[in-house]
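Okay, so here's the structure we're looking at.
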Amino acid sequence: MAAMIIDGKALAAKVKEEVRTRAQKLAVRPGLAVIIVGDNPASRVYVNGKKKDCEECGFYSEEHALPGTASQQELLDLIAVLNEREDIDGILVQLPLPGQFNEQEVLRAIRPDKDVDCFHPYNVGKLMIGEDGFLPCTPSGVMRMLEEYGVDVAGKHCVVVGRSNIVGKPQAILMLRKHATVTVCHSRTPDLAEQCRKADVLVAAVGKVGLITADMVKDGAVVIDVAMNRNEQGKLCGDVCYEKVAQKASHITPVPGGVGPMTRAMLMENTLYAAKNHGK
Ligand code: GUN
């Protein structure tokens with residue numbers, strides 16, 4: 007039977023509407039600063055999207071575009087100013103940064119209470135031990151989708167393919183926090199197909215077209231495709247062979263229109279959370 011398609015676009019619209027309603031009750035509107043360095047076209051698209059989301063949610067937003075030749079110190083100085091501004095609740099540095107930057111040092115420079123990406127080691131630590139705080143946008147967007155579609159991961163076997171700091175690792179932690187048994191696979195996993203076939207919930211977050219084929223998916227599994235690739239025809243696609251896998255899965259996310267919009271919606275939730283913590 008064909009899988010139920012998890013409509014990330016529709017759910018993101020609903021989340022943003024909720025955020026907008028909650029934000030309207032605040033005395034002062036939340037503010038987000040987005041920093042983009044260089045002219046990576048994909049980053050430009052993402053940053054434009056975040057600006058639009060802020061407008062939709064009634065937030066203040068500002069963009070800081072630094073040239074690709076900017077120095078680490080210039081970027082750190084900008085973050086230091088934004089850290090002190092009361093109208094700015096969240097600071098997001100769009101990744102990846104050009105090669106001359108020390109990304110970890112940049113992410114550590116963002117004050118933890120404004121770290122709406124949840125990339126600062128302090129917030130990553132809180133995530134790890136299950137304390138309240140920011141949740142990383144893509145993995146929490148995935149959890150929200152599962153919840154909305156009635157997929158409870160407790161006691162289930164979740165397999166996460168990919169071990170990045172942005173998606174794979176925090177995704178595994180969030181699933182563990184919800185009582186799943188979690189396997190994390192990566193480029194050195196000897197038999198990826200065998201591991202994937204054990205999954206009740208399979209999350210693909212690698213960035214490799216055609217990585218997850220139908221024979222790697224158990225009948226009735228829930229399949230979440232986090233990747234955003236372009237295939238040989240230049241069309242947007244994920245890691246999952248969508249058409250064939252959709253014949254086996256119980257639920258599947260499309261690309262585009264799946265996880266991507268949810269990531270953006272969760273950034274809005276985090277910005278609202280920051281504003282509230284700032285007493286707005
Ligand atoms: N680049 C790709 N994904 C992300 C993200 O979630 N946050 C930031 N800051 N940069 C990204």
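For what it's worth, the working numbering labels the leading residue of the sequence shown as 7, then goes sequentially.
Beta carbons are placed, not taken as given, at the ideal position from N, Cα and C, and that holds for glycine.
Residue i: CB within 8 Å of a non-hydrogen atom of the ligand GUN
{"i": "Asp123", "result": "yes"}
{"i": "Leu1", "result": "Here the chain has residues from 7 to 286 only, and residue 1 is not among them."}
{"i": "Val209", "result": "no"}
{"i": "Pro102", "result": "yes"}
{"i": "Asn172", "result": "Checking the sequence, you will find Ile at residue 172 rather than Asn. Yes, since a heavy atom of the ligand GUN falls inside the 8 Å radius drawn around the Cβ of Ile172."}
{"i": "Cys3", "result": "Not covered by the structure: residue 3. The range shown for the chain is 7 to 286."}
{"i": "Thr269", "result": "yes"}
{"i": "Tyr279", "result": "no"}
{"i": "Leu98", "result": "yes"}
{"i": "Thr144", "result": "yes"}
{"i": "Ser67", "result": "no"}
{"i": "Ser256", "result": "no"}
{"i": "Tyr52", "result": "yes"}
{"i": "Ser193", "result": "no"}
Option nearest residue i by Cα separation, candidates the options
{"i": "Val51", "options": "Gly64, Cys63, Glu69 and Pro36", "result": "Glu69"}
{"i": "Asp93", "options": "Lys250, Lys120, Gly136 and Pro73", "result": "Lys120"}
{"i": "Asp206", "options": "Gly240, Lys254 and Gln100", "result": "Lys254"}
{"i": "Val40", "options": "Cys63, Lys20 and Gly96", "result": "Gly96"}
{"i": "Gly213", "options": "Thr189, Ile12 and Gly168", "result": "Gly168"}
{"i": "Leu242", "options": "Val157, Arg91, Gly266 and Ala186", "result": "Gly266"}
{"i": "His163", "options": "Cys202, Ile218, Gly105 and Glu111", "result": "Cys202"}
{"i": "Asp45", "options": "Gly64, Ala29, Gly74 and Thr27", "result": "Gly74"}
{"i": "Lys250", "options": "Ala19, Ala160, Ala220 and Val99", "result": "Ala220"}
Buried/exposed call for residue i, threshold 16 Cβ in 10 Å
{"i": "Pro102", "result": "exposed"}
{"i": "Ile230", "result": "buried"}
{"i": "Thr144", "result": "buried"}
{"i": "Asp123", "result": "buried"}
{"i": "Gly240", "result": "exposed"}
{"i": "Lys151", "result": "Per the sequence shown, the amino acid found at residue 151 is Met instead of Lys. Burial call: buried."}
{"i": "Gly37", "result": "buried"}
{"i": "Ala16", "result": "exposed"}
{"i": "Thr259", "result": "buried"}
{"i": "Met7", "result": "exposed"}
{"i": "Pro142", "result": "buried"}
Which residues DSSP lists as bridging residue i, in chain order
{"i": "Thr195", "result": "None, per the DSSP bridge assignment."}
{"i": "His126", "result": "Bridge partners of His126: none, in fact."}
{"i": "Asn235", "result": "Cys243"}
{"i": "Val190", "result": "Val166"}
{"i": "Val43", "result": "Leu72"}
{"i": "His257", "result": "Met10 and Val228"}
{"i": "Tyr66", "result": "Gly37"}
{"i": "Gly96", "result": "Leu38"}
{"i": "Ile218", "result": "Val246"}
{"i": "Val51", "result": "Paired residues: none, contrary to the question."}
{"i": "Ala210", "result": "Val167 and Asp231"}
Below-9 Å beta-carbon distance, residue i vs any chain D residue
{"i": "Val159", "result": "Among the chains in the structure shown there is no chain D, since it carries only a single protein chain."}
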